[in-house]
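*Asks:* Mind looking over this structure? Questions follow.
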Amino acid sequence: MSSENTTKEKVFSPSRTVWRTQMAKGIYTPHRVSRITCIINQLLSDKVTYFLQKIGITAYTESGRTVREFIKPRSLGLPGDIKQLQSSPVVIFRFTVPRESSYSVIEALIEYAELYIPGRGTIFSQDLMEFSKEPPAPNLGAMVNLDMGTHDLTILNNLAYVICVLSNPGSGEMLAKIALELGVCVPLITSGTGNDIRDQLGLIRITIPPEKEIVHLIMPEQDSNSIIRLLIEQGRLDKPGRGFIYHTPVSFGFIDTRLRIGKQKYAASIEQIIAAIDQLKAGTNWRKRLDAEIEENKVNSSILPQDNCEISIVSDEERIDVLREACLQVGATGAVTSRIVPQLNEKESDVPLSLIRSAISVPANITNEVVDVLLDNTTIKENATDRIHVLDSPAAYIQSL
Amino acid sequence: MIKRKSVPFLDAINMLLAYARVRILEQIKSVAFIIIYLVVFQTLILGVPLANALGTAGGIALVVFGLAFFLEGLILGLMPLGERVGVKLPTKVGISIIAGFGLILGFGATLAEPAISALKTAGATVTAWDSPLLFMLLNRYAEWLVLSVGIGVGVAVALGMFKFYYNFSIKILIFTIIPLILILSIIASLNDNLTKIIGLAWDCGAVTTGAVTVPLVLALGIGVSRASSQGKGSSGGFGIILLASAFPVLAVLILGFTLNIKAPNPTSETEFFSTANREQAKHVFGDVEKLQTHAYTLGSENARKAFYGSIEEYESAIKSLANNPENNKSILGGLSLSTWLVQKASDNERNLLSDVNLSDTPAPIAASSFKETLKVETISGIRAVIPLSILLVLVLILLREKLKYKDEIVLGIVFTLIGMTLLTSGIKLGLASLGGEVGAQLPRAFAKEEKFVDRVVINNFDTSLVYKGIATDGTQKSFFNILEEGKPKPIEFKADRLDKANNRYEHIITQPPLFKSKLTVLGLILVLVFAFGMGYGATMAEPALNALGITVEGLTVGAIKRAQIVQVVSIGVGIGIVLGFSRILFDLPLIWLIVPSYILLIPLTILSEEEFTAIAWDSGGVTTGPVTVPLVLAMGLSIGGVLSISDGFGVLALASAFPIITVLLFGLIARAKQRKSISNNLKDDANE
């Protein structure tokens with residue numbers, strides 16, 4: 075396995091256009107980096123923090139929860155099992171590294187935080203364009219001093235990161251359940267706020283809750299299309315105002331395979347078997363779902379995928395409001411903001427301890443304009459913790475109002 | 010500016026209806042348990058039909074709407090406002106100003122939501138001779154009590170601001186303050202006078218954190234800790250409620266210790282009212298008139314005899330009651346003469362006043378009218394909500410901060426106000442009367458004797474109507490028939506109730522005990538089971554607890570559900586109330602119950618993680634709010650009254666201690682489960 079097999083060449087890539095435009099302008103230099111997302115059980119988050127501090131990387135953390143199926147025998151000695159959903163709190167670390175070092179950082183982090191043990195977490199890398207004060211410069215030499223073993227790791231290629239933004243309270247749980255039942259992955263649920271519709275209304279806006287539930291799924295790329303369609307159908311996302319789904323490509327990643335906890339009937343769980351075959355086959359291509367293909371033909375969805383681009387901004391609360399408004403002016407709606415905490419590598423004072431991350435799925439044709447207005451209003455030159463990430467999102471399913 | 014979209018009228022109505030439906034259904038769910046429970050208990054177990062069912066139902070409807078408005082108002086208005094102030098303060102001013110603001114806020118909040126009335130209710134049966142110090146605190150020095158509680162809360166909020174600003178561990182605070190107040194309580198328990206105020210002190214801690222203060226302070230704490238907490242792992246705004254419950258205890262104990270220097274010691278009733286003791290007694294009351302009223306309202310015949318010194322003076326004073334109706338109001342403390350004669354006077358005194366016609370006994374004071382209650386509650390609602398909101402807005406203006414959704418926040422504050430008014434009036438009109446009815450019936454469950462219900466005087470009693478009945482063993486009893494709605498009902502005739510001179514018969518209507526007199530253990534269990542269910546049900550409807558639950562759910566991204574927290578806390582309150590009532594029933598010293606429960610908390614707190622510790626200790630403070638307090642007090646008083654226990658304090662204190670235990674246990678179990686899911690894997694790994 076190698077890191078060369080990254081994002082497939084796209085016929086049209088909005089982020090590439092952004093890169094060309096901004097390079098031509100020459101005011102802000104985009105950095106081509108890899109963003110690593112590490113979703114880890116809260117009990118183990120200190121280890122990741124320590125690791126990142128050692129190699130001198132500023133990461134942003136967000137809290138969330140992963141949902142698993144919990145299987146236990148029925149009480150009172152009744153036959154059969156009970157299936158429940160069980161949530162465990164997790165911490166999501168997001169940080170960027172130079173593309174060439176992303177593979178080794180992921181490998182080292184898996185070893186150090188013992189992510190190879192199922193149930194502990196997921197980690198993956200995405201290539202993207204970053205605007206920030208300084209490009210990331212990790213001190214990779216420090217990794218050698220850390221205490222870690224060597225395992226035979228199954229790092230997978232051809233993954234897709236599917237993000238479902240849902241407006242109805244409780245629908246996150248429902249979608250997570252569907253994903254678990256399909257055996258897709260361990261769903262991650264985070265919370266955010268989306269004020270776009272509310273801001274356009276008068277006082278009647280109080281009837282629309284600003285809270286959004288965001289379900290994050292990592293799945294084999296070849297299945298993503300059909301699974302997204304299933305989720306759209308089950309979550310009725312083809313109805314306006316219920317939410318939207320988009321997918322972004324993953325270069326490579328290591329996935330938590332522990333979908334179920336509790337009683338286990340056989341010597342190896344089905345997840346362990348899948349993980350073993352993944353390792354043998356060095357990929358997930360063999361797992362092409364048959365049922366999904368049938369579903370795909372069956373579902374006569376009213377929404378078609380759009381070519382989009384995910385733009386995520388990190389800044390403080392007030393700046394985010396300015397930036398969001400600027401985005402709205404050029405027609406980019408659907409921003410979801412969530413609270414993140416920067417994990418600084420050194421004791422830096424006068425840095426805000428709470429930041430906001432706002433993610434927007436922007437249609438490809440206006441990506442350039444959005445990035446332009448963002449850069450016009452941004453403070454990345456002043457604030458070391460501010461970021462703008464631009465990432466292709468080849469399939470977004472958004473039903474507009 | 011962003012273009013405003015207008016929503017068509019019909020759509021807007023539909024949106025509003027859907028919005029209201031969800032919220033009202035939610036509140037119906039949260040009060041359903043307690044209401045069904047009370048009704049079932051009263052009609053099926055105690056076998057008493059509902060009195061004023063229509064009024065009660067109306068009151069309950071008000072409670073549901075009140076809760077929905079109140080909670081939504083908090084979410085829209087006060088909580089975002091508090092959070093905004095919390096976020097902005099640390100960026101603009103130093104910690105000393107923040108702490109000063111906290112002090113004012115805490116102090117102001119206590120004065121705005123005076124819980125002292127609830128405490129006065131709990132102490133309505135406190136007598137000055139048994140517990141002079143407690144009596145002083147509740148009456149002559151009631152303002153001092155409120156002020157010291159206010160100072161306690163103010164200091165607590167200020168200290169809380171320090172905690173968030175410097176992010177020091179909540180455990181340090183717990184392990185310094187809690188042992189301090191425990192030790193003070195133990196010292197107090199050694200003194201005859203001070204031991205009586207322990208219950209009051211701990212109840213002050215439990216009651217003061219009101220339904221408006223809690224969410225506001227929580228939101229403020231979240232804001233401050235977000236903007237200033239250095240390093241990671243902040244407990245996200247939790248911990249102030251704990252302080253705001255602990256410091257008033259400390260403040261009241263200190264006030265008690267101070268006043269105790271001059272306070273007279275508990276004595277016998279006769280000695281207390283005797284003329285020789287007048288100087289001491291005056292110290293308790295301030296003036297003689299109040300002492301006199303006390304002798305008439307809570308004292309017995311002995312008290313009044315001792316008060317007047319000589320028998321002649323006493324008798325003339327009693328007789329003058331009939332002649333000077335104008336004076337009676339002040340002497341009898343608001344009771345009418347006939348009520349006083351029926352309820353308080355001794356037989357001897359009744360004889361002295363035998364010419365007063367008893368049959369015109371006024372009906373028990375009618376429940377205050379709907380309009381009147383609504384008016385009173387609106388005023389107290391305005392007091393509770395408006396000053397605090399103005400304070401917050403003023404701070405934002407001083408900081409030159411602009412609010413983003415001004416209309417929304419104003420609407421939220423209005424909702425809070427409407428909600429508060431509807432909720433408290435609904436409780437007064439519906440829930441409390443329902444609770445009071447059940448509470449009044451409950452003592453029958455463990456009573457050995459028949460319960461006195463009413464006294465009827467039959468004029469022109471004709472003894473020729475009396476006939477005899479015989480039992481299988483040959484004993485004979487006399488009876489007469491009384492007409493009830495035109496139908497005869499046999500009543501046992503007792504010769505000593507017949508006033509031959511006036512041809513009057515005094516018929517005393519009683520209710521038999523629920524169980525036969527030997528089954529009092531079963532009765533006690535029934536009372537305790539009822540107490541558990543009532544504590545559990547009332548807490549589920551507590552708005553401040555729901556606000557805390559929403560905050561916890563948000564901070565943990567749903568890993569801990571609001572419903573879970575509410576359940577766990579409610580179970581804790583149920584257990585606490587059971588223990589509190591056992592204290593009243595068996596007359597246990599409160600300190601025996603408080604000290605062990607807090608000692609149990611020490612290992613639990615050490616084992617728990619920081620975040621959960623703060624949440625758990627805070628949930629102790631939020632439990633006793635506008636729904637629980639009136640219900641618990643109504644029940645505690647009626648039971649205490651039957652057993653002639655001096656006060657109903659301590660129940661609320663225990664009701665705040667036990668949720669801490671249950672929430673900590675819940676957190677430990679949840680964490681153990683999590684660890685298990687990881688360690689299982691480690692084993693698998695080792696086996697490979």
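Order-wise, the sequence lines are chains W and H. Numbering of the first sequence is given in the numbering used here, commencing with residue 75 and proceeding in unit increments. Numbering of the second sequence is given in the numbering used here, commencing with residue 10 and proceeding in unit increments. All C-beta atoms, glycine included, are put in the ideal place defined by N, C-alpha and C.
Output, in chain order, the set of chain W residues within a Cβ distance shorter than 8 Å of M88/H.
*Replies:* Result: empty, since nearest Cβ-Cβ is about 13 Å, beyond 8 Å.
*Asks:* Using a threshold of 8 Å, state whether the C-beta atoms of V444/W and V436/W are closer than that.
*Replies:* yes
*Asks:* Are the C-beta atoms of M170/H and some chain W residue less than 8 Å apart?
*Replies:* no
*Asks:* Can you give me the C-alpha to C-alpha distance between N232/W and S325/W, rounded to a whole angstrom?
*Replies:* 7 Å
*Asks:* Could you name the residues of the region 25-40 of chain H whose beta carbon sits closer than 8 Å to any beta carbon of chain W, in the order they occur along the chain?
*Replies:* Flagged, chain order: L25, A27 and Y28.
*Asks:* Taking Cβ positions, are V96/H and Q36/H nearer each other than 8 Å?
*Replies:* no
*Asks:* T453/W and R393/W: beta carbons closer than 8 Å?
*Replies:* yes
*Asks:* Helix or strand or just coil, what does DSSP make of S386/W?
*Replies:* S386/W: strand per DSSP, three-state reduction.
*Asks:* What residues in the region 399-420 of chain H have a beta carbon less than 9 Å from any beta carbon of chain W?
*Replies:* K413, Y414, D416, E417 and L420
*Asks:* Chain W partners of V566/H, CB-CB under 8 Å?
*Replies:* Neighbours of V566/H in chain W, taken as residues whose beta carbon is under 8 Å from its own, are S137, G138, R139, P163, I263, T264 and S265 in chain order.
*Asks:* Using alpha carbons as the reference points, say which of L229/H, P552/H and A326/H lies closest to T425/H.
*Replies:* P552/H
*Asks:* Exposed or buried, which one is V410/W when buried takes at least 16 other CB atoms within 10 Å?
*Replies:* buried
*Asks:* Once DSSP output is grouped into helix, strand and coil, what is the label at P396/H?
*Replies:* helix
*Asks:* For T281/W, return the contacting residues in chain H, with the cut-off set at a CB-CB distance below 8 Å.
*Replies:* M24, L25, A27 and Y28
*Asks:* Closer than 7 Å by beta-carbon distance: list the chain W residues that pair up with L16/H, in chain order.
*Replies:* Looking at the sequence shown, residue 16/H is not Leu but Val. In chain order: L275 and I278.
*Asks:* Would you give the residue range spanned by the alpha helix (DSSP H) that Q96/W belongs to?
*Replies:* P88 to K99
*Asks:* To the nearest angstrom, how far is the alpha carbon of G64/H from that of E280/H?
*Replies:* Note on geometry: alpha-carbon atoms of G64/H and E280/H lie some 47 Å from one another.
*Asks:* Check the Cβ of S389/W against every Cβ in chain H and list those closer than 7 Å, keeping chain order.
*Replies:* Result: empty, since nearest Cβ-Cβ is about 15 Å, beyond 7 Å.
*Asks:* Using a beta-carbon distance cut-off of less than 9 Å, what residues from the region 63-86 of chain H approach chain W?
*Replies:* E81 and L85
*Asks:* Name, please, each residue of chain W whose Cβ falls closer than 7 Å to the Cβ of R571/H.
*Replies:* Those do not exist, as R571/H stays about 11 Å from chain W at its closest Cβ, beyond 7 Å.
*Asks:* Output needed for S606/H: all residues of its chain with C-beta closer than 6 Å, excluding positions within five of it in sequence on either side, in chain order.
*Replies:* A666
*Asks:* So within the region 131-205 of chain W, which uninterrupted beta strand (DSSP E) runs reach at least 3 residues, ignoring any that extend past its ends?
*Replies:* 133-147, 155-172 and 195-205
*Asks:* Just to confirm the assignment: which complete alpha helix (DSSP H) runs, minimum length 4, are found wholly within the region 292-317 of chain H?
*Replies:* 297-306 and 310-317
*Asks:* Under a Cβ-count criterion, where at least 16 other Cβ atoms within 10 Å of its own Cβ denotes burial, should P141/H be classed as buried or exposed?
*Replies:* buried
*Asks:* Measure the C-alpha to C-alpha separation of L400/H and G159/H and round it to an integer number of angstroms.
*Replies:* 16 Å
*Asks:* Tell me, which residues are paired with Q417/W by DSSP?
*Replies:* A133/W
*Asks:* Just the C-alpha distance for R398/W and R149/H, rounded to the nearest angstrom, thanks.
*Replies:* 60 Å
*Asks:* Which value, in whole angstroms, describes the spacing of the CA atoms of I22/H and V94/H?
*Replies:* 33 Å
*Asks:* Reducing DSSP to helix, strand and coil, say where G1/H ends up.
*Replies:* Past the boundaries of the shown model lies residue 1/H; chain H is included only from 10 to 697, so the question cannot be answered.
*Asks:* Using DSSP with H/G/I as helix, E/B as strand and the rest coil, what is P371/H?
*Replies:* Unreliable placement is indicated for P371/H, whose pLDDT of 48 sits below 50; the coordinate value is still reported in the next sentence. In the structure shown, P371/H sits in coil (DSSP, three-state: anything other than H, G, I, E or B).
*Asks:* Smallest Cα separation from L26/H: which of Y320/W, I280/W and P294/W?
*Replies:* I280/W
*Asks:* Helix or strand or just coil, what does DSSP make of C238/W?
*Replies:* strand
*Asks:* What does R235/H touch in chain W if you count any residue whose Cβ is under 7 Å from its own?
*Replies:* S428
*Asks:* Return the bridge partner residues of Q380/W from the DSSP annotation.
*Replies:* According to DSSP, which records beta bridges pairwise, Q380/W is partnered with A470/W.
*Asks:* Check whether the Cβ of R93/H lies closer than 8 Å to any Cβ atom in chain W.
*Replies:* no
*Asks:* Any chance the CB of A341/W is under 7 Å from a heavy atom of the ligand SAM?
*Replies:* Ligands in the displayed structure: none, and consequently the ligand SAM is not present.
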